[in-house]
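**Student:** Mind having a look at this structure? Questions to follow.
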DNA sequence: ACGATAAATATTGTCAACGATCTACAATTT
DNA sequence: AAATTGTAGATCGTTGACAATATTTATCGT
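Residue numbers (the working numbering), protein chains in the order written: chain A, 69 to 304; chain B, 69 to 304.
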C-alpha cells in the first residue's frame, strides 16, 4: 500500500517555494505527520527509520529530526535504542485530553467574548445557520467541515497564537484516538443547541457565560464520543 | 563564560543511568534547554551548531535533533539555512501566554475541585500557611519555592498528564520573558489572598468557583508582571 | 518436541565529510 | 563617499559509513 508519495511528486503546490522556505526535514515532518494521522500505521505500530527514509526519498537524518519534532508534539513515542512508535491514546488518555481541550476552548470563548468584532459575530451566525440547515438534513458530510470552521473561527478568532497552537496540538492527539474507526453521526441536535448557546453568550459579550458554554460543549462532545463504544469515532 | 559543562562532568546524578535510559540527543536537549532557560544567551541570540556540539562534546547530529524538539516546544526559532535562535517573547506574546495559562490553571482548579482528596487538601493548606508566614516576613527567597510548590500541587494534583505538559510548556516559554531581569517582589498580600480564595473553592468542592479563582489569580499575576516595566521580572 | 543458547541479521545512535547557502569584507563603480 | 558587485570564509543541510544495541534465526541439549 502506498503510504506516501515519494517527494518530488505532487506533494505541494510548487516544490520551488516549498524547498526554499522549508527545509527538507520540515517537509519530511509534514509527510510523516500526514501518514500518522491518516491512520494507516495504527496506534503503537513501529516506524522504521530506513523504510520511511527510502519511501520519502531522503536519508535517515531528516527522518530522525522529524521524529524529534513529532515526539515533542505527542504524536509518536521514542524509546532509546528501540525505535519510534505511533503514540497510543488510550480511552483514559482521550478523556484527559478532552478535559484540557474543554478548558482551552472555554477559554477561547471567554477571551473572544471580550474582543469579538461585528464581522466575526456575523460570520459565526452564518456558520450557525448553515449548520442548522445541514443538521436538519442529517448530512454528516456537509456538517463536518462546517463544524470544524465554527470551532476554528472561535479559537483562531481570539488572535492568540499560543492558544491556537495548544488547542490544535490536542486535536491532533485526539485524532490518534479514532483507530481507523468510521465517522458516526448522531447528536446533531444537541451539538447545534450548544453552538447556539455559545454564539448567544458571545453576542452578549458575556465572558463567563461564553466560557461555560464552550466548556460544556466540548465536555458533551467527550461524552458523545466516549459513550459510543471502545474505539470511538465521531467528533461533533 | 562557561555556558555548559562538557558532558561527562558533574552534569547529571550518574551518567551511567542517564546514558542507558536516555539517548545522547535527549541529554543534549536537556543541556541546551538549561542553557537557554538560564538566560545566558539572551532572546534572539543565535545558537551555533558546531559551537554547541563542541562544548557538549558531541557531533552536530544530536544537537540538530535537540533543536527540533526545542523548536516544537517553542523555546527556539529555526530559520532555514540561517540557523537557530533563542525564541523572542515580546510583551504582546507574554500577555497571550498568560491568558492561555490562566485558562489552563483555572481548568486545573476546576478539575481538581471535582476530585481532590483529603490529603491533597491538607497539603495545600500547609503550603498556604507557610506562604502566609513567609509572606509576612517578606522573605522572597523562601516564598518563591513555596509558591511554585503550591501551583505544582494543583496542576499536578489533577493527574492529567496533558494538562501538566501544556501548562509547563507555557511556563517555560514565559521564563524566556524575563530577560536577565532580577526577581522583584511585591504583591505578597494580594497573591496570598488569591491563594486562599483558590483553596477555599477547592475545599468547598466548587468547580466553578475554583476555576474563577485560579483564572483570576494568573490574570492578577500577569498584571503584576506587566505593570512593572518593560523587562518584567516577578512571577508570584 | 520444547526451551535455552549462540550466531546472524537488522536497526539504531553517532560521527565525519561533502555540497549548498549565507555572511562578511574588500574592490570596483557611480 | 555611498552603493554595488565579487570573492573568501563560515555555517547549514544532507548524506553515507561505522560502532553499539536489539531482534530474529539457527543450533544445541534435554
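For every residue, glycine included, the Cβ atom is placed at its ideal position computed from N, Cα and C. Please read all numbers here as calculations on a predicted model, not as lab measurements.
Checking 8 Å against the spacing of the C-beta atoms, do residue 189 of chain A and residue 270 of chain A come in under that value?
**Tutor:** Cβ distance < 8 Å, so residue 189 of chain A and residue 270 of chain A count as in contact.
**Student:** How would you list, in chain order, the residues of chain A whose beta-carbon sits under 9 Å from the beta-carbon of residue 131 of chain B?
**Tutor:** Within chain A, no residue comes near residue 131 of chain B; the closest Cβ sits about 11 Å away, beyond 9 Å.
**Student:** How would you call residue 160 of chain B, buried or exposed, if buried means at least 16 neighbouring beta carbons within 10 angstroms?
**Tutor:** Exposed, by the Cβ-count rule.
**Student:** Does residue 289 of chain A come within less than 8 Å of chain B when only Cβ atoms are used?
**Tutor:** Residue 289 of chain A does not count as touching chain B.
**Student:** Would you say residue 278 of chain A and residue 262 of chain A are within 8 Å of each other, going by their C-beta atoms?
**Tutor:** Going by C-beta atoms, residue 278 of chain A is not nearer than 8 Å to residue 262 of chain A.
**Student:** From residue 181 of chain A to residue 125 of chain B, what does the alpha carbon distance come to, in whole angstroms?
**Tutor:** Residue 181 of chain A and residue 125 of chain B: Cα-Cα distance of roughly 52 Å.
**Student:** For residue 89 of chain A, I'd like the list of residues in its chain whose CB is within less than 7 Å of its CB, leaving aside the five on either flank, ordered along the chain.
**Tutor:** Model confidence at residue 89 of chain A stands at a pLDDT of 48, short of 50, so the residue's coordinates are unreliable; what they give is reported in the following sentence. Hits under 7 Å: none found.
**Student:** Identify every residue that forms a DSSP beta bridge with residue 145 of chain B.
**Tutor:** DSSP lists B:153 as partners of residue 145 of chain B.
**Student:** Roughly how many angstroms lie between the CA atoms of residue 140 of chain A and residue 139 of chain B, to the nearest whole one?
**Tutor:** Approximately 9 Å between the Cα atoms of the pair.
**Student:** When the Cα atoms are used, what is the spatial distance from residue 97 of chain A to residue 131 of chain A?
**Tutor:** Each residue's Cα considered, the two are about 7 Å apart.
**Student:** Is residue 244 of chain A helix, strand or coil when you go by DSSP?
**Tutor:** Residue state, collapsed to three classes: coil.
**Student:** Hey, how far is the Cα of residue 164 of chain B from the Cα of residue 272 of chain B?
**Tutor:** Cα-Cα distance, rounded: 31 Å.
**Student:** For residue 180 of chain B and chain A, any beta-carbon pair shorter than 8 Å?
**Tutor:** Cβ-Cβ to chain A under 8 Å: no for residue 180 of chain B.
**Student:** Taking the beta carbon of residue 237 of chain A as the centre, do at least 16 other beta carbons fall within 10 Å, making it buried, or is it exposed?
**Tutor:** Classification for residue 237 of chain A: buried.
**Student:** In three-state terms, what does DSSP make of residue 89 of chain B?
**Tutor:** Unreliable positioning characterises residue 89 of chain B in this predicted model, as indicated by a pLDDT of 46, which lies under 50. A coordinate reading is not provided.
**Student:** Between which two residues does the alpha helix (DSSP H) holding residue 259 of chain A run?
**Tutor:** From DSSP, the alpha helix (DSSP H) with residue 259 of chain A extends over 256-271.
**Student:** For residue 94 of chain B and residue 157 of chain A, I'd like the C-alpha separation in whole angstroms.
**Tutor:** If I take the Cα positions, the gap works out to 23 Å.
**Student:** In the DSSP assignment, find the unbroken alpha helix (DSSP H) run with residue 119 of chain B in it and report its ends.
**Tutor:** First-last of the alpha helix (DSSP H) with residue 119 of chain B: 117-124.
**Student:** When you compare the CB of residue 242 of chain B with every CB in chain A, is at least one pair closer than 8 Å?
**Tutor:** False, the Cβ-Cβ gap to chain A never drops below 8 Å.
**Student:** Please specify which runs of the alpha helix (DSSP H), each continuous and at least 4 residues long, are wholly inside the region 158-200 of chain B, giving them in chain order.
**Tutor:** Within the region 158-200 of chain B, the complete alpha helix (DSSP H) runs of at least 4 residues are 159-181.
**Student:** Using only alpha-carbon positions, find the residue among B:110, B:239, B:289 that is nearest to residue 152 of chain B.
**Tutor:** Measuring from the Cα of residue 152 of chain B, the nearest candidate turns out to be B:110.
**Student:** With 8 Å set as the bound, which would you pick, yes or no: does the beta-carbon of residue 246 of chain A sit closer than that to a beta-carbon of chain B?
**Tutor:** Closer than 8 Å: no.
**Student:** Alpha carbons only, please: which of A:173, A:203, A:218 is nearest the one belonging to residue 194 of chain A?
**Tutor:** Checked all of A:173, A:203, A:218; the closest Cα to residue 194 of chain A is A:218.
**Student:** Considering Cα atoms alone, identify which of A:232, A:107, A:129 is closest to residue 117 of chain A.
**Tutor:** Closest option to residue 117 of chain A, Cα to Cα, is A:129.
**Student:** For residue 174 of chain B, which residues from the same chain have a beta carbon less than 6 Å from its beta carbon, with the 5 sequence-adjacent residues on both sides left out?
**Tutor:** For residue 174 of chain B, where only same-chain residues beyond five positions count, the Cβ hits under 6 Å are 279, 282, 283.
**Student:** Tell me the rounded alpha-carbon separation between residue 45 of chain B and residue 100 of chain B.
**Tutor:** As displayed, chain B neither begins before 69 nor continues past 304, which places residue 45 of chain B out of reach and without an answer.
**Student:** For residue 235 of chain B, which residues of its own chain have a beta-carbon under 8 Å away from its beta-carbon, when the five flanking residues on both sides are left out?
**Tutor:** Closer than 8 Å at the Cβ level, and outside the excluded window around residue 235 of chain B, lie 169, 172, 173, 176, 223.
**Student:** Quick one: does residue 271 of chain B have its CB under 8 Å from some CB of chain A?
**Tutor:** So no, residue 271 of chain B is outside the interface.
**Student:** Is the beta carbon of residue 233 of chain A closer than 8 Å to that of residue 228 of chain B?
**Tutor:** No.
**Student:** Does the separation of the CB atoms of residue 243 of chain B and residue 137 of chain A fall below 8 Å?
**Tutor:** Not a contact, by the Cβ cut-off of 8 Å.
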